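All you need for our numbering is the position in the sequence shown, starting with 1, plus 878.
For glycine and all other residues, C-beta sits at the position ideal for the given N, C-alpha and C.
Everything numeric in this text was worked out from a predicted model, so none of it was measured.
Before any comments, here is the structure.
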Amino acid sequence: MSTNATTDNVTTEKTTKGTLTHRIRARLESIAALAGAGGAWSSIGRPSRPLAPVSPSMTMRITNHSAVPQILVSADPDGGWWVQAPRPMLMPGQTHTVIAATHGRGQFVQLNYIAENPRQSEITYALHTSEQGTDQASTGVSNQDFIIRATISQRYPDAAAQFDLA
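The structure is reproduced here in structure tokens:
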């Protein structure tokens, strides 16, 4: 009979450890979900899977082909938020990707830079997207010192564009 008691104790101990592990995992998942990090913690011990975007987004890839740095003056995600915010300075030859998202049905993102050249050229990179279309019509330079080549590669709901300053 003592053999059965030992077997029962081992079984009980294994069950208790399994239940305790399950309880700890459940509590961690609850805490993470309340903290807004549910996606990062809820996959503990489970195969990971990519999460689909929950809202429309805009990706702007900006390359400074000029010989002067650009200083960020303002950046507006139009009621959305930055997934990847613009850099405060864009050096010559540097490329930076800016990503904004929104819960709305459209978005207008505008980045305003000043070039460190004698005329302090104002440079605007802008992308608008909605169900009606996607455009970069508000993109431009305050004078003839630079040109911007803009190419839209994706449209609403997840718009993407390339901006090349030369």
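Rounded straight-line distance, which links the Cα of residue j to that of residue i
{"i": "A1044", "j": "N1021", "result": "13 Å"}
{"i": "P925", "j": "A945", "result": "Low confidence applies to P925: its pLDDT is 42, below 50, so where it sits in the model is not reliable enough to give any reading."}
{"i": "N990", "j": "L1005", "result": "12 Å"}
{"i": "Q1010", "j": "M967", "result": "33 Å"}
{"i": "I949", "j": "M969", "result": "9 Å"}
{"i": "S1016", "j": "Y1003", "result": "7 Å"}
{"i": "G1018", "j": "F1024", "result": "9 Å"}
{"i": "P947", "j": "Q1032", "result": "28 Å"}
{"i": "P996", "j": "S1008", "result": "38 Å"}
{"i": "R939", "j": "Q998", "result": "22 Å"}
{"i": "D1042", "j": "I1030", "result": "12 Å"}
{"i": "E994", "j": "I1026", "result": "16 Å"}
{"i": "I1001", "j": "Q1040", "result": "15 Å"}
{"i": "R965", "j": "H943", "result": "16 Å"}
The beta strand (DSSP E) enclosing residue i, as first and last residue numbers
{"i": "S999", "result": "Run containing S999: none; DSSP gives neither H nor E here."}
{"i": "V987", "result": "G984 to A993"}
{"i": "H981", "result": "Careful: H981 lies outside any beta strand (DSSP E) and carries neither H nor E."}
{"i": "G1011", "result": "G1011 to D1013"}
{"i": "F1041", "result": "D1036 to L1043"}
{"i": "T937", "result": "S935 to N942"}
{"i": "V951", "result": "Q948 to D954"}
Proximity winner among the options, relative to residue i (alpha-carbon distances)
{"i": "S935", "options": "N942, F986 and T973", "result": "F986"}
{"i": "T1012", "options": "T941, D956 and D1036", "result": "D1036"}
{"i": "G984", "options": "Q1040, D1042, S933 and F1041", "result": "S933"}
{"i": "A953", "options": "G971, I992, H943 and I1030", "result": "I992"}
{"i": "Q1014", "options": "A1028, S1008 and I1001", "result": "A1028"}
{"i": "L1034", "options": "G982, V961 and I1026", "result": "Looking at the sequence provided, one finds Tyr at residue 1034 rather than Leu. Measuring from the Cα of Y1034, the nearest candidate turns out to be G982."}
{"i": "W960", "options": "Q998, Q988 and Q1040", "result": "Q988"}
{"i": "A978", "options": "R965, Q998, D956 and E994", "result": "D956"}
CB of residue i within 8 Å of CB of residue j, strictly
{"i": "V951", "j": "A963", "result": "no"}
{"i": "T937", "j": "A1038", "result": "yes"}
{"i": "G958", "j": "T941", "result": "no"}
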